[in-house]
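Everything on this sheet refers to the single structure shown next.
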Amino acid sequence: MRNKECREGRKMFLLISHEIDEIQEKQAKELYGVRCFIRLPEELQEEWSNIPHEMDEVRDYISDIKEFIRFRQY
């Protein structure tokens, strides 16, 4: 069922450095019709959570994350 929800329903990519709580998940479902939450794989989550603060431009640094989102299969 989960894969069908991801294929057919509205998705929310969780590009944050923490987990969302139950209230946030409920609001996303009710307000925006989200049916599927997509988390980054562990190695990409680690990369996302540790972007160097001194970095002026992150475009190249997050290229793997952009690729994951762009080519994600449901």
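Numbering (the UniProt record's numbering), first residue to last: 1 to 74. Ideal placement from N, C-alpha and C gives every residue a C-beta, glycine not left out.
Can you have a look at residue i and say buried or exposed, based on whether 16 or more other CB atoms are within 10 angstroms of its CB?
i: Met1; result: With a pLDDT of 46 at Met1, under the threshold of 50, the modelled position of that residue is not reliable, and the figure given next carries that caveat. Classification of Met1: exposed, given that the 10 Å Cβ count is below 16.
i: Glu54; result: exposed
i: Ile65; result: buried
i: Leu40; result: buried
i: Lys26; result: exposed
Under DSSP, the alpha helix (DSSP H) around residue i begins and ends at which residues?
i: Arg70; result: 63 to 70
i: Ile23; result: 22 to 32
i: Leu44; result: 42 to 49
Starting from residue i, trace the beta strand (DSSP E) in both directions and tell me its first and last residue.
i: Met55; result: Element bounds for Met55: n/a, residue is neither H nor E.
i: Leu14; result: 10 to 14
Are three or more beta carbon pairs between the stretch 32 to 52 and the stretch 8 to 22 nearer than 8 angstroms? Yes: the two stretches touch, three or more of their Cβ pairs being nearer than 8 angstroms.
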